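In what follows, a single structure is set out as structure tokens and then discussed.
Numbering (the numbering used here), first residue to last: 28 to 312.
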């Protein structure tokens, strides 16, 4: 863990002032921590010394201006003898670290029984390595702060928990060949990303296809398509080239997206051919 001279932690744990829901959770946890500390008869400076953190960080956490790390809550639980009641707050605090739009997406993905995704610029976030994701955030314009980058990367990595669900959802991805060819982050990052793809493709619930650049007919020229289907029979989808790019849930609109996605899959390389294609790219790196 990296701690600055004033006792604050590394970027990525600041409270987003625009995220009212997340800020409210962090503030509530901070108030509870302060009550626990004062009930124990500890001054902030004494509590900080026992925790092994700076006093400034303790005050920021209690004021709701800093998101406490899991290790912080575990240590506070131990120091205050809370018998797990403070450590239990980790589940409440964790989502506040991630941008609200990503939390909303992750919530939908956590409910989905099937995911359909076509992407044309980069590899889908669920399939990205940490290094690849960081490279994407670092090349954003206007440039993002280090804290924003860390929050974005952490949120993207947290979404990968979808692969650990039981029962596993059916995940289908179609990615443009150029997205695999472009060395975002450099050759080492690209190689590790390709290796990671081959690891993920071993999962029986994952289907991955490559859309070759040489394809003369392409139903996905309008851009990204994503559809999430849920266990109750409902679904939500979005496409850059349809319905003003907004999420849709109307069955008629969803059928259009699914039909287009089905054509894209038919035009792309088969899953077996796509795997061979990735293996050939790795052999050439």
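Every residue, glycine too, gets a C-beta built ideally from N, C-alpha and C.
Fair warning: this is a prediction, and the values are worked out from it, not measured in the lab.
Quiz item: Shortest alpha-carbon distance to residue 320 belongs to which of 61, 167, 182?
Solution: Since the displayed the chain opens at 28 and closes at 312, residue 320 lies outside it and no answer follows.
Quiz item: Just the Cα atoms here: how many angstroms apart are residue 166 and residue 108?
Solution: 45 Å
Exercise. Please state whether DSSP places residue 79 in a helix, a strand or coil.
Key: coil
Quiz item: By Cβ distance below 7 Å, which residues in the same chain neighbour residue 57 in space, the five residues on each side in sequence not counted?
Solution: 88, 89, 90, 91
Self-check item: Secondary structure of residue 248, DSSP reduced to three states
Solution: coil
Quiz prompt | Residue interval of the beta strand (DSSP E) (run including residue 238) | solution = 233-238
Quiz item: In whole angstroms, what separates the C-alpha of residue 112 from that of residue 118?
Solution: 11 Å
Exercise. Indicate whether the contact test is met: 3 or more Cβ pairs, each with one atom in the segment 95-109 and one in the segment 152-168, closer than 8 Å.
Key: no
Self-check item: Integer-rounded CB distance, given that residue 220 should sit under 8 Å from residue 295
Solution: That pair is no contact at about 19 Å.
Practice problem: Give me the Cβ distance between residue 313 and residue 144, rounded to the nearest whole Å; I'm assuming they're in contact under 8 Å. | Solution: Outside the shown range of the chain (28 to 312) lies residue 313, about which nothing can therefore be said.
Self-check item: Span separating the alpha-carbon of residue 232 from that of residue 301
Solution: 16 Å
Quiz item: Straight-line CA distance for residue 35 to residue 61?
Solution: Caution applies to residue 35, whose pLDDT of 47 falls short of 50 and renders its modelled position unreliable; the model cannot decide the point.
Practice problem: Starting from the Cα of residue 210, find the closest Cα among 201, 190, 312, 50 and give me that residue. | Solution: 312
Quiz item: Pick from 157, 283, 99, 245: whose alpha carbon is nearest that of residue 76?
Solution: 99
Practice problem: Would you decide whether residue 156 is buried or exposed? Buried here means 16 or more other CB atoms lie within 10 Å of its CB. | Solution: buried
Quiz item: I think residue 123 touches residue 94, with their Cβ atoms under 8 Å apart; what is that distance to the nearest whole Å?
Solution: 6 Å
Practice problem: Take residue 196 as the anchor and find which of 203, 202, 188 has the nearest alpha-carbon. | Solution: 188
Quiz item: Just to confirm, does residue 156 get its C-beta within under 7 Å of one of the non-hydrogen atoms of the ligand GTP?
Solution: Of the ligands one can find in the structure shown there are none, so the ligand GTP has no counterpart to examine.
Self-check item: Buried versus exposed, by CB contacts within 10 Å (16 or more), residue 65
Solution: exposed
Practice problem: Just tell me which of 48, 73, 140 has its CA closest to the CA of residue 193. | Solution: 140
Quiz prompt | Whole-angstrom distance between residue 242 and residue 40, CA atom to CA atom | solution = 45 Å
Practice problem: Could you say which of 148, 176, 152 lies nearest to residue 385 if we only look at CA atoms? | Solution: Within the shown structure, residues of the chain are numbered from 28 to 312, placing residue 385 beyond reach of any answer.
Quiz item: Is residue 132 helix, strand or coil by DSSP?
Solution: helix
Quiz item: Taking the Cβ atom as the reference point for each residue, do residue 202 and residue 150 lie within a distance shorter than 8 Å?
Solution: yes
Exercise. In angstroms with no decimal places, state the Cα-to-Cα distance between residue 252 and residue 275.
Key: 12 Å
Exercise. Please classify residue 267: does DSSP put it in a helix, a strand, or coil?
Key: coil
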